[in-house]
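>
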Amino acid sequence: MAKPTPRESNPLEQFSAFQLNGWLALLIWLAVAAFTGSQVLDGLHEGHPPLTSFFVIGALLLVTKGFVIIAPNMATVLTFFGKYAGSITDDGFYWCNPLASRREVSLRINNFTTETIKVNDKNGNPVEVGAVISWLIRDTAKAVFSVNDYATFIQMACESAIREVVSGRVYDHSTDDGDSAKTLRGDLEGVAQELMLKVEEHVAVAGIDIHSAKITHLAYAPEIAMAMLRKQQAAAVVAARKLIVAGAVGMVKDALDEIEHAGIGPFKDEARVTLVTNLLTVLVSESETQPVLPLGK
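Last residue of the sequence shown: 310 (our numbering), numbering continuous.
1. Tell me which residue opens and which closes the alpha helix (DSSP H) that residue 205 is part of.
2. By Cβ distance, which residues of its chain are closer than 6 Å to residue 147, with the 5 residues on each side in sequence left out?
3. Return the bridge partner residues of residue 130 from the DSSP annotation.
4. Rounded to a whole number of angstroms, what is the C-alpha to C-alpha distance between residue 201 and residue 213?
5. Taking the alpha-carbon of residue 173 as reference, which of 140, 155, 163 and 215 has the nearest alpha-carbon?
6. What separation, rounded to the nearest whole angstrom, lies between the Cα atoms of residue 274 and residue 257?
7. Please go through the stretch 24 to 60 and give each complete alpha helix (DSSP H) segment of 4 or more residues, from N-terminal end onward.
8. When burial is assigned at 16 or more other CB atoms within 10 Å of the CB, is residue 209 buried or exposed?
9. Compute the Euclidean distance between the alpha carbons of residue 111 and residue 43, then round it to the nearest angstrom.
10. Below 8 Å between beta carbons: does that hold for residue 118 and residue 159?
11. Quick check on residue 67: does DSSP put it in helix, strand or coil?
12. Do you know whose CA, among 135, 134, 31 and 128, lies nearest residue 170's CA?
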């Protein structure tokens, strides 16, 4: 069982930061700057400019730090004296607290391609797996403050989820008596869906949503690949032989029925056995055969 996080009782949630329309704030700034400039010029003409004007000029310079431009699918997270002060997630031109530090966060969909990792499947066979995970940030506050580095965090979460999913299934139905729909190779869409849910569960604490997950590489590890290939080929040969034998038996039965229906026979048990043997030899054998069919016995 996972230990609770230090602030689990009061989790950090994203909220909108204090902001003004940038153009309105710029208009106010220009008006104050023009008025202050005229006061300074009047004071210079009179020989004693007002001291308050210099404080206003300093404040105007500080206010300019509050202007911020947010691009589409981008956000800015504000921190004021070590405390989260909200996020600006809508694109446009804004003015916010000039004393707050800002961190830009992308809200666009990102793709992460995992390295090809080796995992043991349900039967203990080593399997190499690779995947592509598409993700995006849903909660900027959690992404910035809940984890140290959300990019590294999602990388580790993806690898952990892959190991969980792969270890719960067998690679191929030929290695297990179960349903092939539950295998890794037989249900790639199901595996990808399960992987997406697992990763999303792991990264929820970081305010990240998983958009999609796809398996890009799935194969036996090199050390057992040839052995498992031979096993798969043997299973395919056995299945084909079963089908051939079943068909041959049906054809032999039909042939005997037709022969007896045509008035040739009836056969003695020994003759019937010989006839069946020769017919099966012709039908099942892979090489050309020339059996003697004792129809007159």
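Here a beta-carbon is modelled for each residue, glycine too, at the ideal position from N, C-alpha and C.
Once the coordinates are examined:
1. Translated into the one-based positions of the sequence shown, residue 205 becomes position 192. Where residue 205 is concerned, the enclosing alpha helix (DSSP H) stretches over 201 to 216.
2. The count along the sequence shown starts at 1 and reaches residue 147 at position 134. So the qualifying residues of the chain are 122, 124, 224 and 225.
3. On the sequence shown, position 117 is the one that residue 130 refers to. Residue 130 is bridged to 142.
4. Taking the sequence shown and counting its residues from 1, one reaches residue 201 at position 188. Taking the sequence shown and counting its residues from 1, one reaches residue 213 at position 200. In a straight line, the C-alpha of residue 201 is about 18 Å away from that of residue 213.
5. The residue given as residue 173 occupies position 160 in the sequence shown. For the residues 140, 155, 163 and 215, the minimum Cα distance to residue 173 belongs to 215.
6. On the sequence shown, residue 274 is found 261 positions in, with the first residue counted as 1. On the sequence shown, residue 257 is found 244 positions in, with the first residue counted as 1. Computed Cα separation, rounded: 25 Å.
7. 35 to 59
8. In the sequence shown, residue 209 corresponds to position 196, counting from 1. The residue in question, residue 209, is buried, as its Cβ has 16 or more Cβ neighbours within 10 Å.
9. As a first step, residue 111 is located in the sequence shown; it is residue number 98 there, counting from the start. As a first step, residue 43 is located in the sequence shown; it is residue number 30 there, counting from the start. Approximately 17 Å, taken between the alpha carbons.
10. On the sequence shown, residue 118 is found 105 positions in, with the first residue counted as 1. On the sequence shown, residue 159 is found 146 positions in, with the first residue counted as 1. In this structure, residue 159 does not lie closer than 8 Å to residue 118 by Cβ.
11. Indexing the sequence shown from 1 puts residue 67 at position 54. In the structure shown, residue 67 sits in a helix (DSSP, three-state: H, G or I).
12. Looking up residue 170 in the sequence shown gives position 157. Comparing Cα positions, the closest option is 128.
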